[in-house]
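**Q** Each residue of the sequence shown is one higher than the one before, starting from 776 at the first, in the numbering used here.
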Amino acid sequence: MEIVDTIQNLNEYWGPPAQNWFDYFVDAPKLSQLLSKPGNQETVVRLAIQFAEQAATTQKEGEMMVAKGFPNEDVQFAERKAACLILCAMACFAYIGWDIEYLIDKYNEILSVRILIENILGLCRSSEMPTDIQFAEYLFARWAMAVDRRFRLPPPPAKQTVNNPLLVPDLHLTKHENIRKMVVDTRTWFPQVVSSLEKFIGEAKDLSVPGVNCFLSPFLEKGSMSLGVGIVGVNVLCMWAPRPIFNLSTTLLSGADIASACRFELLRFHFANGSMDIAQELLKQITLPTSTSPLVSIDKRELNGYYLALNVPSTMPPMPLTVREFLPDQKLLTDDSSPFRRSRMWRLRAVNRTSGQLQVAFRSENSAKDVLEGRATSVRQRLLEKVVQQRFIKSLQRQIASVRDVVIRRRIDALLIFLCATVSGMREELLRCGWDTPSRLRSLASQAPKTATPPLSAQIVKMILTSDNPFWTMLTSFNAAELKLAMTNIERPFMRPFMFVMPEMLAECVLITRPVNELHAILLAKLNQLAEMMNRTEWDAECQTYWQEFGLPANCQIVMLTEAVRVQAQCISARALRHDGPDAAGDERQLRSMKKLFIMNADADLLKKPGGIAFAAQTFARALNAEDFDFITTEVKFPSTTTTMAQLLAAYLMSSAPGKDASQLRKVCDTFNAHIGPLFDQVNRSARRDVNRGRDREDQARAATVLELTRFLRLIRNESLLSLLITYFGYLFNRYLLAKKRPHLRMTLPLGEIFGHESELSHVNILAVQELLEIFFRNALLVNPTHPQWLRSAADFRYGRGLLSEAGILYMEYLVASRTPLLVAPQENLVEDLIWRRLRVCLSKSHWFTLAALVCQNIEHKREEEYIKAMEDVTVSSFAIGRLSTVCYRYQLGFIKFLYSQLSLDAGADYSCMVYDNTLAELLSDVYERNHMQPSADLLFSYAYRSCMNPEGRDVLAREQSRRCQRLLRTLAAQLFDAHF
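1) As an exercise, report each continuous alpha helix (DSSP H) stretch of at least 4 residues that is fully enclosed by the region 1532-1579, in chain order.
2) Please state the DSSP three-state secondary structure of glutamate 1603.
3) Should tyrosine 1720 go down as buried or exposed, given a rule of 16 or more other Cβ atoms within 10 Å for buried?
4) Does DSSP classify leucine 1027 as helix, strand or coil?
5) Measuring only the C-alpha atoms, how far is leucine 860 from tryptophan 1623?
6) I need the boundaries of the alpha helix (DSSP H) containing serine 1619, first residue and last residue.
7) To test your reading of the DSSP string, which unbroken alpha helix (DSSP H) runs of 4 or more residues are found completely within the region 883-922?
8) For asparagine 883, which residues of its own chain have a beta-carbon under 8 Å away from its beta-carbon, when the five flanking residues on both sides are left out?
9) Would a C-beta distance cut-off of 8 Å place glutamate 1293 and arginine 1267 closer than the cut-off?
10) Counting Cβ pairs, one atom from each stretch, are 3 or more of them under 8 Å apart for the region 798-814 and the region 852-868?
11) Report the rounded CA-to-CA distance for alanine 1143 versus isoleucine 1187, giving the unit in angstroms.
12) With a threshold of 7 Å (Cβ to nearest heavy atom), would aspartate 1571 be considered close to the ligand MG?
13) Ends of the alpha helix (DSSP H) at leucine 1327?
14) Consider the Cβ of isoleucine 875: report whether some Cβ of chain B lies at a distance smaller than 8 Å.
15) For the alpha helix (DSSP H) containing valine 1285, list its first residue and its last residue.
16) Three or more beta-carbon pairs under 8 Å between the region 1407-1420 and the region 1436-1446, yes or no?
17) May I ask you to report which of helix, strand or coil DSSP gives asparagine 1415?
18) Could you compute how far the alpha carbon of alanine 1296 sits from the alpha carbon of phenylalanine 1253?
19) Identify which residue in Ile1020, Gln1564, Leu1299, Thr1409 has its Cα closest to the Cα of serine 902.
20) Buried or exposed for arginine 1117, please, with buried defined as at least 16 other CB atoms from any protein chain shown within 10 angstroms of its CB.
21) Please report the residue range of the beta strand (DSSP E) in which leucine 982 lies.
22) What span of residues does the alpha helix (DSSP H) with tryptophan 796 cover, start to end?
23) On a Cα-Cα basis, can you pick out the residue from Leu1399, Ser1431, Asp1405, Arg1441 that is closest to alanine 1421?
24) For serine 1431, collect the residues of the same chain with a Cβ closer than 7 Å to its Cβ; drop the 5 residues on either side in sequence, then sort them by chain order.
25) I'd like to know whether the C-beta atoms of valine 1513 and glutamate 1533 end up nearer to each other than 8 Å.
26) DSSP three-state call for aspartate 1456: helix, strand or coil?
27) Cβ of leucine 1530 within 8 Å of Cβ of tyrosine 1506?
28) If I follow the unbroken alpha helix (DSSP H) through valine 820, where does it start and stop?
29) Using three-state DSSP, classify proline 1064 as helix, strand or coil.
30) Are serine 1066 and leucine 1028 touching if we call contact CB-CB under 8 Å?
31) Considering only their Cβ atoms, is the gap separating leucine 1108 from alanine 1136 smaller than 8 Å?
32) Express the C-alpha separation of lysine 950 and threonine 818 in angstroms, rounding to a whole number.
33) Within 10 angstroms of its Cβ, does serine 1139 collect 16 or more other Cβ (buried), or is it exposed?
34) Applying the 10 Å Cβ sphere with the 16-neighbour rule, what's the burial state of tryptophan 1247?
35) CB threonine 961 to CB glycine 986, shorter than 8 Å?
Shown next as structure tokens:
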């Protein structure tokens, strides 16, 4: 199959190029022969567009020659060439019956169609015959109405297609703007257009339509003479440019057909503008035309739709408006010509609407149909049942006779060979049904035995955990009775491990005796362990038993309730990162409980005790994640750093809502920076000792505040707030890099410069900033792993810290997330050169030097400098230098350090099939030749000198470059993700 595809590609590359306007322009008899035969609409439409574009270009060249004072002969040649091109374009236009709709629908080049309309208007208006002016007026009216219908709804705004740091004009944007101006200009003529159509209806005159020979004959007679501009004395080969002869070949359209077509155009116009009364009156007067000319054609379906919409009795025979009823039965099953069987959507719907044996039959028939249509990617999983196999083979045998393409038949044979080797019983069924090629059908491939170790049973796990050692019991058990027994069996004094962390609020309430009751401390540590394990069920069960063991008074129950709600909120916050099924009602109830408990604890001053801040942080985080602004801004009166941060975040959410003033957002960001920035200052220690002691106390207080903020901010799950936090602490990180004179390592911020311009910030607690950024990126990518801006910022952050292997993976994830699909070639408006430069560095540090050089092909600006850097990235060890030849050694200080590829961990010269830039090919060939790597050089030349890389064939070259770039992207993804596909 690959050989057949390759041969087809070679035929495409080596075959003769498609003929264009120039071939017919220089060979007038060839154009005459083309226009004299019917059935060449597609070729003629393409030539009409090309002739019109060339005529417009030639006219601009003539105007430029006049402006710059070129010789008269040159100006005459440009004018006469443009006149000949216009005649050719008009002849092609007349060949398709002046069908404007067909021209636009075929190539969607509405600006080129406008050139045709303007030129025919100019030719007809310069004629002395009134019939020619009448034809031009009628054609322009139909053109204006066609533009109005197509652009009544404005098209979507154009997207930039080039990265434009050098202000290179974007042709896509220019074309979109020219179309917009054309629509505005055309609509200024609507009063005259409507008046013209009404005049045609009132007069009902016959219309004389010029034919092909009106334009072709003057070109055949005087075209070559007019282009041979030569003046010898008073003898001139041709005194003027050729002009059309409108009365040479004409077709007469009856006035009744013209009036009916004009009524239909006005009907469309008034109906779209809401003038239903006028549209209804026009509809009653419309009759079907007797001529088949596109100039008077009326769409019967559209006309019937107007009859139904305006509730007017139709004079036309009724037309079916609905398709046949879809009934998935045995008759439909074998009706291969039915539209319900040709459409894959209806085939799938038949499976969903049936059951039992009929459903099995439809599944089998659908599999066979997919194979015949070339969609056999998921057939194997549908053929595991024996009944499906039998019906599948019978259906394939019934429909294979209609397949005439040899390539498709070979693909079907190859698929059957694969199915025989992978699906049990397929070969036997094919032989039983008498398939044509039984000798090629393979036997079933023997599958390697799967040795899967079953998981341990619960009894075995329980036996492993069971031990007579009381210390082991205290580590593994959560049962209060077992823990109490283990405490009594310990012979020597028990020292509680530091890893047994206790809930602060409960510990303050339970451990009130001195010395501390160690059993109660162990039970509290076990509760904390269950909370960290997110085992809410066992936590609730053991909490009741432990509470009875504590024997606390009733007034301490609010503390236990607060701890229970905090653990519940912790489990919900963890569930948000696991993307489990949301329970909106349960989450809302839990948030209401947290707010009520927060107010009760705040009134009882319980939040000031140890552990109260942790509960407040959970409450604020849950409210912010649910975007409950009112609670934080109006109901919270508890003074703390966590409260201040929560109120700032709530203010940001309110000010960044759609429709809010940008100045309010700016004030919030300034306030945020003024409150949070000083907490991450790091004071210089070059001062007196007594001053440093005071600063030590300040640093301790600041460190405690940062720790409190960290505990709170790690609970944020809201995407807008995560973007804000990443932006702010990335802003501090960038300012630190500026102070360290490393601005090239700056990270991209998701929200841009909302905190103002970045300046140097030398005294900053960079370790705390980096730790918070790590937390935010971890939570953000768990909330939304495909957020392009987060991936880009995370990659830049890893790059700035020197974690290049992680940065390379994140850059590739950004490319995947920002472009759909991955195999689409890089587009300048999506991928910046900075990403490719940094990806080149990441690949080089991973010793993938050839891939690093290949990546540089996607860089638009200063690409050659990146090529040299890619070659110089390899540092030659002393051992490698000793192995170099004398010729190699002379060049090791330049970009020839790329050398042997012995230091490279990628495939080296095997990547030559991905080289599509000539500069890189020259550098690589120089490296290979100077290092005597002749096999690598030969492989590179075999791909570089292929006919598809010929710069003269631009279309073929562009397709080949796109194909090689897609393969490079696929290889990069496989290398960085370690997922080979």
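For every residue, glycine included, the Cβ atom is placed at its ideal position computed from N, Cα and C.
**A** This is what the structure holds:
1) Listed in chain order, they are 1541-1558, 1563-1576.
2) Reliability fails at glutamate 1603, whose pLDDT of 49 lies under 50, so the model's placement of it is uncertain and the value that follows must be treated cautiously. In the structure shown, glutamate 1603 adopts coil according to DSSP, grouped into three states.
3) Exposed is the call here.
4) Here leucine 1027 sits in strand by DSSP.
5) Whole-angstrom Cα-Cα distance: 55 Å.
6) For serine 1619, the uninterrupted alpha helix (DSSP H) run begins and ends at 1608-1620, by DSSP.
7) Under the rule that a run must span 4 or more residues, the alpha helix (DSSP H) segments found entirely inside the region 883-922 read 885-900.
8) For asparagine 883, where only same-chain residues beyond five positions count, there are no Cβ hits under 8 Å.
9) Between glutamate 1293 and arginine 1267, the C-beta gap is not smaller than 8 Å, which leaves the two residues out of contact.
10) With a cut-off of 8 Å, the region 852-868 and the region 798-814 count as touching, because enough Cβ pairs lie within range.
11) Alanine 1143 and isoleucine 1187 have their alpha carbons spaced roughly 10 Å apart.
12) With respect to the ligand MG, the structure offers nothing, as it holds no ligand at all.
13) First-last for leucine 1327: undefined, no H or E at that position.
14) No chain B is present in this structure, which holds just one protein chain.
15) It spans 1279-1285 - the alpha helix (DSSP H) in which valine 1285 sits, taken as one unbroken run.
16) With a cut-off of 8 Å on Cβ pairs, the region 1407-1420 is not in contact with the region 1436-1446, counting fewer than three such pairs.
17) Sequence check: residue 1415 is serine here, not asparagine. Residue state, collapsed to three classes: coil.
18) Answer to the nearest angstrom: the Cα atoms are 13 Å apart.
19) Here the closest residue by C-alpha is Ile1020.
20) When all chains shown are included, arginine 1117 counts as exposed.
21) Leucine 982 -> beta strand (DSSP E) spans 982-985.
22) Counted as a single uninterrupted DSSP element, the alpha helix (DSSP H) harbouring tryptophan 796 occupies residues 796-800.
23) Put simply, of Leu1399, Ser1431, Asp1405, Arg1441 the residue whose alpha carbon is nearest the alpha carbon of alanine 1421 is Leu1399.
24) Only Leu1440, Ser1495 meet the Cβ criterion.
25) Here the sequence assigns leucine to residue 1513, which means valine is not the residue at that position. A contact, by the Cβ cut-off of 8 Å.
26) Looking at aspartate 1456 - three-state DSSP - the assignment turns out to be strand.
27) Per the sequence presented here, residue 1530 reads as phenylalanine, with leucine not at that position. Taking 8 Å as the Cβ cut-off, phenylalanine 1530 and tyrosine 1506 qualify as a contacting pair.
28) Residues 816-843.
29) The three-state secondary structure of proline 1064, taken from DSSP, is coil.
30) For serine 1066 and leucine 1028, yes; Cβs fall inside 8 Å.
31) Yes; because the gap between Cβ atoms is below 8 Å, this pair is in contact.
32) Approximately 24 Å between the Cα atoms of the pair.
33) Buried is the call here.
34) By the Cβ-count criterion, tryptophan 1247 is exposed, with fewer than 16 other Cβ atoms from all chains shown falling within 10 Å of its own Cβ.
35) No, the Cβ-Cβ distance between threonine 961 and glycine 986 is not below 8 Å.
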